Amino acid sequence: MLNIQTRQEGNASVVTIQGKVNFEVTAQLRDVIRDTVTTLQPKLLVINLESVSFIDSSGLGLLVAARNSVDKNSGKLHLCGLPPQVKKTFDQTNLTNYFSIFTTEQDALRGA
Amino acid sequence: MHKGVVLVVDDEAPIRDILSFYLKRAGYQVLLAEHGRMALEEMGRLLPDLILSDLRMPEMAGDELCQAVKGDPRTRDIFFVLVSAMDGLASKIGGLNLGADDMISKPFHAQEVMAKVESAFRLISMRKEIKRQNLELTRFQDRMTAELALAARLQMGLLPGIPGLAAGLSYTHRYLPAEGIGGDIYTIVPLPDHSVAFMIADVSGHGVTAALISAMVKTFFESQLRFGGGPLAWAQGMNRDLARSTLAEQFATAFLARLDPVQGTIRYVCAGHPAPLLIHQGAAGGRNHISILGGKGFMLGIDETLPFGEQTCGFEKGDRLVFYTDGLVEVEREDRQLLGEEGLLEICADLPGDREQAADLIIEQAIAFNHPAPFTDDVTLVLLDRV
Chain R
10 MLNIQTRQEG NASVVTIQGK VNFEVTAQLR DVIRDTVTTL QPKLLVINLE
60 SVSFIDSSGL GLLVAARNSV DKNSGKLHLC GLPPQVKKTF DQTNLTNYFS
110 IFTTEQDALR GA
Chain C
-5 MHKGVVLVVD DEAPIRDILS FYLKRAGYQV LLAEHGRMAL EEMGRLLPDL
45 ILSDLRMPEM AGDELCQAVK GDPRTRDIFF VLVSAMDGLA SKIGGLNLGA
95 DDMISKPFHA QEVMAKVESA FRLISMRKEI KRQNLELTRF QDRMTAELAL
145 AARLQMGLLP GIPGLAAGLS YTHRYLPAEG IGGDIYTIVP LPDHSVAFMI
195 ADVSGHGVTA ALISAMVKTF FESQLRFGGG PLAWAQGMNR DLARSTLAEQ
245 FATAFLARLD PVQGTIRYVC AGHPAPLLIH QGAAGGRNHI SILGGKGFML
295 GIDETLPFGE QTCGFEKGDR LVFYTDGLVE VEREDRQLLG EEGLLEICAD
345 LPGDREQAAD LIIEQAIAFN HPAPFTDDVT LVLLDRV
């Protein structure tokens, strides 16, 4: 089960994801991120992965696509709260160097 | 064009006449029968959509007719309304238990009967629509299943034949796609200088799209080989090709290597792919030292400007390489444990020398670890020995 919540913090949109991000749920997550990016056009999009237990390659693909679409609106994408398991996946795919990654949500919001 | 066919079964001519009159006026085609047996004969000529049948009749009564109609697969979908002089709940329940779809009690108002007929036809047309859609779906599904099976056979044909031999290397694989066809691919190509080009890749997602892209990945790799060069140049070229030809979310993890049995070296690029294991003197089996051919690299196809790095390691006679895709080690169990690289290292710490047995053992142990969770992603395992 995937639980997604979005909220506004000033100019920033925060998307909090909870659960397992795999092929079965990417459509749901893609819609939320697309809606957030197109309707709010945030200067900063923060995706909080604190409660994500697992992310597979389709989930990573989604995040890469999210970064690209935020880039196009000259916004920024910050990820935060990567649990060890997720961090490992990011390290292995070198995405740690592709995304701006922060420890806490506060840091991610301040890092704008 | 009539609205449907109604068969009126009653031994009293005035009732047949009045129902027939109203039904025809409302636009239905009407068939008439005096009793059950005659009704069955009539149905031999034309199947009605709805039967309005009296209960008490000579020759064959309404309950018997109802059982005959509902017991025959050719007629059981005909809407059956039993008309009975016996009023009361018990008789209604009895009639419905016989399989009748509805009951009308005698004496009746023609308007009541017509209202029931109209409502029955609404149900009938819904049933017909559902049946039609079901048939369409079943046909569609059959066609898709057949096409997927064909595509799966084709995809299997893209993999190297096993057991395989190339320039002093022997190899085998296990390929388990999650949905009949998958996004994993690997290939081994002997090069003119007696070295061997190797690629294993895992396209994001699975199913048809991933399978299509995996075939592209193989083609991109092979076209890079024609330019000569080494893993770094191949990775850069493939990254560019993939970034230009796939959608935003589609890319591949890959491990590209040039295995040189003469020099005893491996040059490789690890592009976001699980690091292969090098079991020193592993071809003989038993407990051996294992190296991890790691390296941090981006996945292919994200962005054509991203950099890659090439690495080199030794590759001695008797060494065994274990290549795999993440589906093998990334099954999340109920307790959130994954086999992971650590688990695979444990399994590989003591493998039989026989490649086929070793491959089977790795798959079996991974399944045993994940139990009862099944593999959910495509799984590819390649064992390659320098003999």
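Chains as they are written, first to last, in my numbering: chain R, 10 to 121; chain C, -5 to 381.
Where is the CB? At the ideal position from N, CA and C, for every residue including glycine.
Fair warning: this is a prediction, and the values are worked out from it, not measured in the lab.
Where residue i falls, given that 16 or more other Cβ within 10 Å makes a residue buried
| i | result |
| --- | --- |
| A384 (chain C) | This structure gives no information on residue 384 (chain C), because the portion of chain C shown stretches from -5 to 381. |
| M10 (chain R) | exposed |
| V256 (chain C) | exposed |
| E128 (chain R) | Shown here, chain R extends from 10 to 121; a query on residue 128 (chain R) therefore has no answer. |
| V136 (chain C) | Residue identity check: residue 136 (chain C) is Asp in the sequence provided, not Val. Per the 10 Å Cβ criterion, exposed. |
| H200 (chain C) | buried |
| E141 (chain C) | exposed |
| N233 (chain C) | buried |
| Q331 (chain C) | exposed |
| E304 (chain C) | buried |
| T48 (chain R) | exposed |
| M210 (chain C) | buried |
| N364 (chain C) | buried |
Cβ-Cβ separation, residue j to residue i (assumed contact under 8 Å), whole Å
| i | j | result |
| --- | --- | --- |
| L92 (chain C) | C60 (chain C) | 5 Å |
| L53 (chain R) | A74 (chain R) | Contact flag wrong, Cβ pair sits at about 17 Å. |
| T374 (chain C) | H167 (chain C) | 7 Å |
| A237 (chain C) | G295 (chain C) | 5 Å |
| I26 (chain R) | L69 (chain R) | Incorrect: roughly 13 Å between the Cβ atoms, too far for contact. |
| L77 (chain C) | L40 (chain C) | Strictly speaking, residue 77 (chain C) in this sequence is Val, with Leu absent from that position. V77 (chain C) to L40 (chain C), Cβ: 21 Å. No contact. |
| G56 (chain C) | L49 (chain C) | 4 Å |
| R314 (chain C) | D379 (chain C) | 5 Å |
| V23 (chain R) | V46 (chain R) | Not really, about 13 Å apart at Cβ, beyond 8 Å. |
| I194 (chain C) | F317 (chain C) | 5 Å |
Those residues which DSSP pairs with residue i across a bridge
| i | result |
| --- | --- |
| K29 (chain R) | R:F63 |
| T166 (chain C) | C:L377 |
| P184 (chain C) | C:V190 |
| F317 (chain C) | C:V376 |
| C89 (chain R) | R:N57, R:F111 |
| V34 (chain R) | The partner list for V34 (chain R) (beta bridge, DSSP) is empty, contrary to what the question assumes. |
| L11 (chain R) | R:G28 |
| F249 (chain C) | C:I194, C:C264 |
Pairwise C-alpha distance: residue j and residue i
| i | j | result |
| --- | --- | --- |
| A362 (chain C) | F108 (chain R) | 36 Å |
| F249 (chain C) | L91 (chain R) | 25 Å |
| N12 (chain R) | D65 (chain R) | 16 Å |
| T102 (chain R) | G291 (chain C) | 6 Å |
| G224 (chain C) | P184 (chain C) | 13 Å |
| G30 (chain C) | L144 (chain C) | 52 Å |
| V381 (chain C) | E350 (chain C) | 15 Å |
| G174 (chain C) | N31 (chain R) | 18 Å |
| G151 (chain C) | F214 (chain C) | 17 Å |
| R39 (chain R) | L72 (chain R) | 9 Å |
| F73 (chain C) | T139 (chain C) | 35 Å |
| A242 (chain C) | L322 (chain C) | 26 Å |
| A33 (chain C) | V3 (chain C) | 7 Å |
| L17 (chain C) | F134 (chain C) | 39 Å |
| F111 (chain R) | S62 (chain R) | 17 Å |
| V111 (chain C) | M51 (chain C) | 21 Å |
| S285 (chain C) | H274 (chain C) | 8 Å |
| P366 (chain C) | Q359 (chain C) | 13 Å |
| L159 (chain C) | Y169 (chain C) | 18 Å |
Length-filtered (3 minimum) beta strand (DSSP E) runs lying within the region 264 to 300 of chain C: 271 to 273, 284 to 286
Residue ranges of each beta strand (DSSP E) run of no fewer than 3 residues wholly in the region 56 to 126 of chain C, ordered along the chain? 73 to 78, 96 to 99
In chain order, which beta strand (DSSP E) runs of at least 3 residues are fully inside the region -5 to 35 of chain C? -1 to 3, 23 to 27
Tell me the start and end of each unbroken alpha helix (DSSP H) in the region 212 to 241 of chain C that is at least 4 residues and wholly inside, in chain order. Whole alpha helix (DSSP H) segments, 4+ residues: 225 to 239.
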